[in-house]
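Just so you know, the sequences run in chain order R and G.
Taken in order, the first sequence gives residues 1 to 1038; the numbers are from UniProt numbering.
Taken in order, the second sequence gives residues 1 to 363; the numbers are from UniProt numbering.
Take a look at the structure below.
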Amino acid sequence: MAKKTLEIYSVELSGMKDIEQTDKGNGKEKYRGLKNCFEPKKNHRKEELTKELDLDDHKLSIKELEKKYGTNIITGLSSAQAAELLARNGPNALTPPKETPEIIKFFKQMVGGFSILLWIGAILCWIAYGIQYSMNTSSSLDNVYLGCVLALVIILTGIFAYYQEAKSTNIMATFNKMIPQQALVIRDSEKKTIPAEQLVVGDIVEIRGGDQIPADIRLLSVQGCKVDNSSLTGESEPQPRSSEFTHDSPLETKNIGFYSTTCLEGTATGMVINTGDRTIIGQIASLASGVGNEKTPIAIEIQHFVHIVAGVAVSIGILFFITAVSLKYQVLDSIIFLIGIIVANVPEGLLATVTVTLSLTAKRMAKKNCLVKNLEAVETLGSTSIICSDKTGTLTQNRMTVAHLWFDNQIFIADTSEDNSNQVFDQSSGTWASLSKIITLCNRAEFRPGQENVPIMKRVVAGDASETALLKFSEVILGDVMEIRKRNHKVAEIPFNSTNKFQLSIHKTDDPNDKRFLMVMKGAPERILEKCSTIMVNGQEQPLDKNTAEAFHTAYMELGGQGERVLGFCHLYLPADEFPETYTFDVDTMNFPTSNFCFVGLLSMIDPPRSTVPDAVTKCRSAGIKVIMVTGDHPITAKAIAKSVGIISANSETVEDIAKRLHIAVEQVNKRDAKAAVVTGMELKDMSPEQLDELLTNYPEIVFARTSPQQKLIIVEGCQMQNAVVAVTGDGVNDSPALKKADIGIAMGITGSDAAKNAADMILLDDNFASIVTGVEEGRLIFDNLKKTIAYTLTKNIAELCPFLIYITVGLPLPIGTITILFIDLGTDIIPSIALAYEKAESDIMNRKPRHKKKDRLVNEQLAMYSYLHIGLMQAVGAFVVYFTVYAQEGFKPSALINIRVEWENSNVNDLEDSYGQQWTWYQRKYLEWMGYTAFFVGIMVQQIADLIIRKTRRNSIFQQGLFRNKVIWVGIASQIIIALILSYGLGSVTALSFTMLRPQYWFVAVPFAILIWVYDEVRKLFIRLYPGSWWDKNMYY
Amino acid sequence: MRRQLRSRRAPASPYAYRYRLDDQDEVNQNYLADEEEEAEEEARVMVVPNLEEEEEEEEEEEEEEIEEKEKEEEKGQGQPAGNAWWQRWQIVSEYLWDPEKRMSLARTGQSWSLILVIYFFFYASLAAVITLCMYTLFLTISPYMPTFTERVKPPGVMIRPFAHSLNFNFNVSEPDTWQHYVISLNGFLQGYNDSLQEEMNVDCPPGQYFIQDGDEDEDKKACQFKRSFLKNCSGLEDPTFGYSTGQPCILLKMNRIVGFRPELGDPVKVSCKVQRGDENDIRSINYYPESASFDLRYYPYYGKLTHVNYTSPLVAMHFTDVVKNQAVPVQCQLKGKGIINDVINDRFVGNWQSGSEDKQAKK
């Protein structure tokens, strides 16, 4: 099985053997869609990989190694040498991925999004003051203040966004702190424990079972050492190590242990040959850091939205600037108009709101064990259309578990769920009694002491994966295994070795009357069968005939075909007369029979899928998400797991399956008939991008097996080429480049390696694939709710913008001031727009297709049109009515206001006549103007309440959704009213804010318009529901 | 070079065939129990050379592929910038007008007309709503009496002549510097001509309010305020209002407020003083009418609609001996019950401050 790994790795890595090929590889990757700007980094990466291939330490003899590294395997390095090497090569640690400096992150917040527009506004303010100052040195500082306020707004929202961002990143910091690792090293002929960071090339280190290997080491002497390379290669089986050179490829040879992999059992001594970033893991990690971070879909959407709003702002601004200039306004005035238009058009509070909304969802998801590292990734999961899932540890439990048993000519199914609690197969047969005895006795694995209170499945075991599985299996069914073993005293044992392919032990029986010895054996089924002459059926020994052998083979094939690892079990009671109680067994001379055993049964094991996965996969399916398995494991196992979790559904077949069923050659099968495909890394390597594209489009169910980290990257890119939003789940170091490349990388929190967690955007704290479904749901909900929030926020922009346009063209006294607009955008509207994030979904969002990246935009034409041209205009009208009411009741009828602007604003005109012939001083007019601002503000506020209520749903009636279901909305409404009251009555006397007290009746003038807005929107939704797909639906549904 | 020897391999036939072989392999391996690696090694050693060969093959193939792709890329990059812009332009122009589907801005003519009709009706009804609202608004407010007057009270004051600025700065010997004041005053006082006043308005008894009860919509009579009341500042004797002699006249009027009555029957008085600096800079001011007050008979004001001929009462201030060649800030205050003259923000309410009254008389 390791053969495949060999091919893949040797190809991928040795592909860089010479510079020419390096260039080619480069070109190929460029074609694959990697951004060109990362090229310098990539070259660097290539160099590293090339260097790695010089590694021939595994081929060298110990003497040569000693010479090469100037060390001695007995005495180790001297402290002085080590210190010198440490100074030269740096500490033995991975360079953490380059973080953007905090200050740059901070400044990015200051110039991103709308900030640029607002900066322009602020600078225009200062320019306007400059012009004023040059004309009249005693000009008022109003524009300077406004500029400062705008700058303050930008800085405050920037700080806020930065803070939110930093808060969510901080959660991650805890993950990055690893417990400092220790290493046992020989230096100056002494054994010392030093921090692993201080290891240098040439150090002699000792490793024991349970240790993490502290660097890439060449093993010098080994005692039964096995390592878990799963984080590197994806293989869940322990890999034995030896000190002999067994393969050319450093990744395949057994005499090298890799940094960060774990030594499961045995001990070994090795010489450090690579440290830190020069280790294999370090190179994969740098491969990951070389992969550019894709922009998240929500970032793209927000950018798109910012472009729309900025486009509207700038074009209206410039249009009216030109209009104003051609209407013979002074340039200074025109600049001030421009500022007003910009401020009115930019939803200052929106980006902060979006951040809060996202972090609220992030918090909600963290409660459900989805930790979001990158805030924007919250939504990404919602738009995900393809999930590329790793198998080991993500879909499976990453531990061997007994899956099937075969005895009495029957296959029994064992419970493989996480707690393994109820094994319901028939245990009454005598065969089972014998089988269970063999399982218990012929097993060297033991529980580590002191775990009596830990559930059996969670206990730590000393022993390899298969034996662990058997031990736990028997412990669950039979109870205290150690006690049984004690009662059946072991007198001799032949441990498993690869020439024998069996394990044998001889025990005294626990029956005091039975003086016979019991010989139990397990091993490769065919080897075991060879040694048997009888077979046990229903507790009775029967001669092994052709039929039973046939049955055995059928069962063996069936279990093996499911990707399970099969073991055979047999026993033999030694006759008491030949082997008396005092008989001494000698395992070297084998003074006991090793044939004519009685075959008892077969047992198969698999790394079983997590119990929640099949359900989650089904949910993903119904949500229109394609789940692809990408694993480093064998195709057969991968396919079996894929079938059991539903990635390949029960009734779909691969080309091979069809060929098998119809008994025709694979080439003759119509490829269109197959829904599923299992592709190995080798086949993938031979594919052109077009073929990969075709593969990904044509097959809804795909399993990639035997893939290398680079190939995972290629698969992800292939999916992205089809405009899919790709989520990648994984836990191993080998997954980290793909995690980084994916639109959203999801790492496992418990089993995940640090490299994977670093590269990921999201971490599943409970390793539960089902949490992804929650994430998808939350992501989709947040997308919908953001739409509502944006629609809500955009609406009032028109109501804020119209006053300026009318002010310029008709010459009314300014209906609403710039500062007042800021109070709406950053005061009354903030909490309501956040409240929309708490809105429940309108319909089952998990039953619709994921949104199309290019077509289903966050802010689409319909949303903008409806917000701007329908509700927004209604709001503007309503607010103008309040404004006109105030002016008319104070003496200025609308007709008197037209073209009054110049005189109105002239501070030397102190006897301006109103409609009644009364004369107003400049300050009296100014105060009236502020009253107008306040009235307009109140008008918008009242209608924004209606706007908030209608935005609760996009299709359903508010009454279907429930007016009171989302309590936060009401908090929002209350906050709106309270803030407005405070501004008007509390701060009404602060002239700088230009708010005034307002007669109570003016607060109700806009109420009919608010009701009108509500009714209008209900009618809109009614028609959408009544005539789905109609012109109305297409144009009015956002 | 090796590439030349080797014909290009047929494109890797899809997954199927090979997979089957692998499959078999895998199955066999899976049959084997646990740790089989040792035995496998033999097989592996055998496999290796083959593999290497294969690798080479594949590498070459890759080379070929890549070269092809590079060529393609080169082609693509032939005119990269121009192409991109051209394509963009194409997209934009197609968006603006797509001749194939006869669509403009992604809408067909039919769709456009439909949308225009809908918007027309929507905005028409919105306009109707505004009209309705405005109509209701006018129903609720009286045309004769403003609903609220608290904002326009207390009354402000204003001066004449008014010429853009409150600073009086002129040179007696140069008529150009003061001529506009004279014109302004003359123009302003046209409405106060004695003949006109006698013809239009009634001569009502001084010292008491001129209250006219009756219906709101009845036309109201107005009291006479004759130009001649202003004596030396009437411009009748001295058509230059004293500007030619360096003794300027400035008229003060109180802003009209509907229904406003100076409280308790005391007329509002005017008094001027130097705001900052030497009290003696003004030396003497003559007020016309001599009472320096706005007589009660000019109040109350009944509004523009009914009180058509109302003429605001005036107080003229004649600065007969003001210091020359120096800025003199003058503040004139109204004094009377119900008059507030110390509003901080508004220097025109209840008082009037001239920034400076500066006369230059070079003679």
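Idealized CB from N, CA, C, for every residue including glycine.
| query | result |
| --- | --- |
| Backbone secondary structure at Thr921 (chain R) - three-state DSSP | coil |
| Distance between Ser611 (chain R) and Asp248 (chain R) (C-alpha atoms, nearest Å) | 41 Å |
| 8 Å Cβ cutoff, Cys272 (chain G) in contact with chain R | no |
| Spatial distance of Ser622 (chain R) from Ile845 (chain R) (CA atoms) | 10 Å |
| Closer than 8 Å to chain A by CB, Leu126 (chain G) | Looking at the structure shown, chain A is missing, and the protein chains on hand are R and G. |
| Endpoints, the beta strand (DSSP E) within which Leu603 (chain R) is located | Phe597 to Ile606 |
| Chain R contact for Leu137 (chain G) (CB, 8 Å cutoff) | yes |
| Local conformation of Asp615 (chain R) per DSSP, three classes | helix |
| Best match in G:Ala327, G:Pro267 and G:Arg297 for proximity to Asp278 (chain G) [C-alpha to C-alpha] | G:Ala327 |
| Backbone secondary structure at Glu190 (chain R) - three-state DSSP | strand |
| Residue closest to Ser433 (chain R), alpha-carbon to alpha-carbon, out of R:Lys490, R:Lys254 and R:Cys570 | For clarity, residue 433 (chain R) is Ala in the given sequence; the question names Ser instead. The candidate whose alpha carbon is nearest that of Ala433 (chain R) is R:Cys570. |
| Residue burial classification, Lys51 (chain R) (beta-carbon count within 10 angstroms, cutoff 16) | Since pLDDT at Lys51 (chain R) reaches only 39, below the 50 mark, its modelled position is unreliable, and the value read off the structure follows with that caveat. Burial call: exposed. |
| CB contact flag (Leu836 (chain R), Thr795 (chain R), <8 Å) | no |
| C-beta contact flag for Pro850 (chain R) and Ile625 (chain R) at 8 Å | yes |
| Cut-off 6 Å between Cβ atoms - residues of its own chain near residue 375 (chain G), not counting five sequence neighbours on either side | Only positions 1 to 363 of chain G appear in the structure, and residue 375 (chain G) is not among them; the question remains open. |
| Assigned secondary structure, Ile340 (chain G) (DSSP; H/G/I helix, E/B strand, else coil) | coil |
| Cβ contact (3+ pairs, closer than 8 Å) linking the region 349-360 of chain R and the region 695-709 of chain R | no |
| Neighbour-count burial assignment, Thr157 (chain R), 16 or more Cβ in a 10 Å radius | buried |
| Coil, strand or helix - Tyr583 (chain R) by DSSP | coil |
| Asn698 (chain R): contacting residues in chain G (beta-carbon distance under 9 Å) | By Cβ distance, chain G contributes nothing, its closest Cβ being about 10 Å from Asn698 (chain R), past 9 Å. |
| Proximal chain R residues relative to Val152 (chain G), where beta-carbon distance stays under 7 Å | Gly891, Gln918, Trp920 and Gln924 |
| Proximity of Thr440 (chain R) and Gly539 (chain R) at Cβ, strictly below 8 Å | no |
| Gly33 (chain R) classed as buried or exposed, judged by whether at least 16 other C-beta atoms fall within 10 angstroms | Residue placement at Gly33 (chain R) is flagged as unreliable, the pLDDT there being 37, under the threshold of 50; the coordinate-derived value follows with that caveat. Exposed is the call here. |
| Within-8 Å CB hit, Met46 (chain G) to chain R | Note on Met46 (chain G): pLDDT 38, under 50, position unreliable in the model; no value is reported. |
| Chain R contact residues for Lys101 (chain G), given Cβ-Cβ distances below 7 Å | Neighbours of Lys101 (chain G) on chain R: none; closest Cβ ~16 Å, over 7 Å. |
| Lys741 (chain R) - containing alpha helix (DSSP H), residue span | Ser736 to Lys741 |
| Ala677 (chain R) in three-state terms, based on DSSP | strand |
| CB contact check: Thr269 (chain R) to chain G, cutoff 8 Å | no |
| Leu897 (chain R) versus Glu903 (chain R): straight-line alpha-carbon distance, rounded | 11 Å |
| Residue span of the alpha helix (DSSP H) that contains Gly972 (chain R), given as start and end | Lys967 to Leu981 |
| Close beta carbons around residue 1039 (chain R), own chain, < 6 Å, minus the five adjacent residues each side | Because chain R here runs from 1 to 1038, residue 1039 (chain R) falls outside it and cannot be looked at. |
| Sub-8 Å separation of Thr509 (chain R) and Phe599 (chain R) beta-carbons | no |
| Endpoints, the beta strand (DSSP E) within which Asp841 (chain R) is located | Note that residue 841 (chain R) is Ala in the sequence shown here, rather than Asp. Unbroken run through Ala841 (chain R): none, as it is neither H nor E. |
| Beta-bridge pairing of His404 (chain R) - partner residues as DSSP gives them | R:Ile413 and R:Ser604 |
| Inter-residue spacing [alpha-carbon to alpha-carbon] between Thr818 (chain R) and Glu842 (chain R) | 37 Å |
| Beta carbon of Leu251 (chain G) nearer than 8 Å to that of Arg160 (chain G) | yes |
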